[in-house]
Each structure stands twice: as C-alpha cells, then as structure tokens.
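Asks: Take this structure first; my questions come after.
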Amino acid sequence: MNPPSTSSLGQKPATADIAPAERKKAADLVIFLTRRLGKCAECGADLFDGSMIHLENSRPLCLDCADLGHLEFLPSGDTALTRRATKHSPLRAVVVEWSRTRHHYERQGILVTSAAIEQAERECLADADIRERQRQRAARRRDSVESTYLAEVAAALCAHYPGCPPEEAKEIANWTCRKYSGRVGRSAAAKQFDPQALKLAVISHIRHVHTRYDDLLMLHGDRQNAREEVRSAIDQVLQQWERQSG
C-alpha cells in the first residue's frame, strides 16, 4: 500500500493506515509529508517531494490554504520540548510520513506556533540545570554501588583464597566485574559470591598472568592445547592461594 498522493487521494480515508493511538493524539488534524508531485486543490500551487499537505475531503491542500501556514515545524526527538510546545500551542497538528519498510505512517513531528516553541524552549532551559544535577546524583549513586560491589567481590576472593595477594584480588574483581563485559563477575552467581563463579574468575586471572598461556596461544593459535600445557601451572598457583598466607 502506498501513501496518499495528490493524484489518488480519494481511494481510501486519509487516516486509514495511522495507528489508532496516533489518530487519537492527532485529533483528526494530520499533516502528510508527500513524496509525489501534484498541486494544491484550492490555490493550484505546486506540491513537491517533501511538501506538507492537509487533506480536506480527500483534496490535498497546501498549509496556507489549510490555514496552517503560520505554524512552525518541530521535529520529533526532544520529548520534553514537544510536550511543552503542544501544551502552549492553541492550534497544532501532527506531521506523519509513509514508511515503505514498515507500511504505515510514522510521526515525524508537530506543527505548532512559534510562540509555543519559544515558551517551551525557555522552560526546558530553566530546568536543564535541575536535570543535570539529577543525572550527576544518579551517576554518583551508581558509582557508589559499583564500588561497593567490587570491594565485596575482592573481599570474597580473599576469603576463599587467603594466599592471593590483596592487590591481585582487587585486580581480579575489577577485571571480571567490568560493566557490560559479559564476564563471570557480572553473572547472578557471582553476585551471590558463588564459590564456583569466583574460582572461574581466579583461574582465568592465573592463566593470563602467571602462566605462558598468552605466549603459547599467540605462537600456536590452538586454545585447547595452550590450556592443557598450562594446566599444572594453574593448579600449582591455585593451591598456593587456597592455603593461608604466611
């Protein structure tokens, strides 16, 4: 199905392919971004690719003839600005465009008065500092929670592996718990300080730091063989760490 054109607008209702929620928001005042050439049914002005038209009884009208030419286009993207401009504009319309890939109309923005946009911009600027402070406080809270979690993981590692140097325990915790890494330290089991999850993190650290694994992998490119060659070295360090230091 194609979007309405200026040559075949009478074939179906103008809002036939607009989602019900969108029709409710638009309050039947919808502006289409046309992609076909044509003419305004009232003044005869040329309509080009990208022209905004309003349909009145299936007749395409340019914005001036639809008495909407004084409105300003506000593209979608800034939710707060759009919401406030909508509230302040006594006359408004929703601008939609046909999506060839999704086969329905998608909202591109709104038409509102310039005064409404200016008022909305002033209000958004007025609370920009408040939102920034809120973001900073939220970031500090997240950092605090993350730091606490890393410290708890490092403490759990030291408890299970008392022979592990404290600095290496911190290094293991930082590496395995790195955000968005998908490593074992971000798993639900690790967050419950499951001994097996902690052991996997420790073994991985020992493999890379205390054995020739990286050199062997670089030399031969065979992960399984490289792991087999360093297995005894890993077990030796692991046994030392499992014993009480000193």
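Residue 824 is where the sequence shown ends in our numbering, and the numbering goes up by one at each step. C-beta atoms are modelled at their ideal positions from N, C-alpha and C, and glycine is treated no differently.
#1: Rounded to the nearest angstrom, what separates H648 and V690 at their Cα positions?
#2: Figure out for me which residue from P744, C618, V731 and P740 has the closest Cα to the Cα of A751.
#3: Between Q802 and W753, what straight-line distance do the alpha-carbon atoms span, to the nearest angstrom?
#4: Per DSSP, L639 is paired with what?
#5: Under three-state DSSP, which class holds Q802?
#6: Tell me the rounded alpha-carbon separation between P668 and R709.
#7: List the residues that DSSP assigns as beta-bridge partners of S677.
#8: Just the C-alpha distance for R637 and S654, rounded to the nearest angstrom, thanks.
#9: Rounding to the nearest angstrom, what Cα-Cα distance links W819 and L778 in this structure?
#10: I'd like the list of long-range same chain contacts for R790, defined as Cβ closer than 7 Å, with 5 residues on each side in sequence excluded.
#11: Would you call the region 783-799 and the region 808-817 touching, i.e. three or more CB-CB distances under 8 Å?
#12: Among A717, L703, E806 and D772, which one has its Cα closest to the Cα of A734?
#13: To the nearest angstrom, how far is it from the Cα of R700 to the Cα of E675?
#14: How would you label F626, buried or exposed, when you count the other beta carbons within 10 angstroms and need 16 or more for buried?
#15: Among Y739, I609, R680 and A804, which has the Cα closest to the Cα of R821?
#16: For E684 and C755, I'd like the C-alpha separation in whole angstroms.
#17: If we count the other Cβ atoms within 10 Å of its Cβ and call it buried at 16 or more, is L639 buried or exposed?
#18: I'd like the list of long-range same chain contacts for H783, defined as Cβ closer than 6 Å, with 5 residues on each side in sequence excluded.
#19: So, are the CB atoms of I695 and L652 less than 7 Å apart?
#20: Using the Cα positions of T612 and T660, report the straight-line distance between them to the nearest angstrom.
#21: I think M630 touches L615, with their Cβ atoms under 8 Å apart; what is that distance to the nearest whole Å?
#22: Consult DSSP for A671 and reduce its assignment to one of helix, strand or coil.
Replies: In short, the structure shows the following:
#1: Locating residue 648 in the sequence shown gives position 70, counting from the first residue. Locating residue 690 in the sequence shown gives position 112, counting from the first residue. Roughly 9 Å between the two C-alpha positions.
#2: Numbered from its first residue, the sequence shown carries residue 751 at position 173. Considering only alpha carbons, the answer is V731.
#3: Here the question's residue 802 lines up with position 224 in the sequence shown. Here the question's residue 753 lines up with position 175 in the sequence shown. For Q802 and W753, the distance between alpha carbons rounds to 23 Å.
#4: Here residue 639 refers to the residue found at position 61 when the sequence shown is read from its first residue. According to DSSP, which records beta bridges pairwise, L639 is partnered with H632.
#5: As a first step, residue 802 is located in the sequence shown; it is residue number 224 there, counting from the start. Of the three classes helix, strand and coil, the one that applies to Q802 here is helix, per DSSP.
#6: For this step, residue 668 is matched to residue 90 along the sequence shown. For this step, residue 709 is matched to residue 131 along the sequence shown. P668 and R709: Cα-Cα distance of roughly 28 Å.
#7: On the sequence shown, residue 677 is found 99 positions in, with the first residue counted as 1. Its beta-bridge partners are H682.
#8: Counting from 1 along the sequence shown, the entry for residue 637 is found at position 59. Counting from 1 along the sequence shown, the entry for residue 654 is found at position 76. R637 and S654: Cα-Cα distance of roughly 26 Å.
#9: Looking up residue 819 in the sequence shown gives position 241. Looking up residue 778 in the sequence shown gives position 200. If I take the Cα positions, the gap works out to 14 Å.
#10: Start at 1 with the first residue of the sequence shown, and residue 790 comes out as number 212. Only V808 meet the Cβ criterion.
#11: yes
#12: Your numbering for residue 734 matches position 156 in the sequence shown. Cα-wise, what sits closest to A734 is D772.
#13: Stepping through the sequence shown from its first residue, residue 700 is reached at position 122. Stepping through the sequence shown from its first residue, residue 675 is reached at position 97. Rounded to the nearest angstrom, the two C-alpha atoms are 29 Å apart.
#14: As a position in the sequence shown, residue 626 is number 48, starting the count at 1. Under this definition F626 is an exposed residue.
#15: Translated into the one-based positions of the sequence shown, residue 821 becomes position 243. Out of Y739, I609, R680 and A804, Y739 has the C-alpha closest to the C-alpha of R821.
#16: Residue 684 sits at position 106 when you count from the first residue of the sequence shown. Residue 755 sits at position 177 when you count from the first residue of the sequence shown. Each residue's alpha carbon lies about 41 Å from the other.
#17: In the sequence shown, residue 639 corresponds to position 61, counting from 1. Answer is buried; the Cβ neighbour count reaches 16.
#18: Here residue 783 refers to the residue found at position 205 of the sequence shown. Same-chain partners within the cutoff: I750.
#19: As a first step, residue 695 is located in the sequence shown; it is residue number 117 there, counting from the start. As a first step, residue 652 is located in the sequence shown; it is residue number 74 there, counting from the start. Against a cut-off of 7 Å, the Cβ pair of L652 and I695 comes out as a contact.
#20: Taking the sequence shown and counting its residues from 1, the one referred to as residue 612 is at position 34. Taking the sequence shown and counting its residues from 1, the one referred to as residue 660 is at position 82. Going from the Cα of T612 to the Cα of T660 covers about 22 Å.
#21: Numbered from 1 along the sequence shown, position 52 holds the residue referred to as residue 630. Numbered from 1 along the sequence shown, position 37 holds the residue referred to as residue 615. Not a contact, Cβ separation roughly 14 Å.
#22: Indexing the sequence shown from 1 puts residue 671 at position 93. In the structure shown, A671 sits in a strand (DSSP, three-state: E or B).
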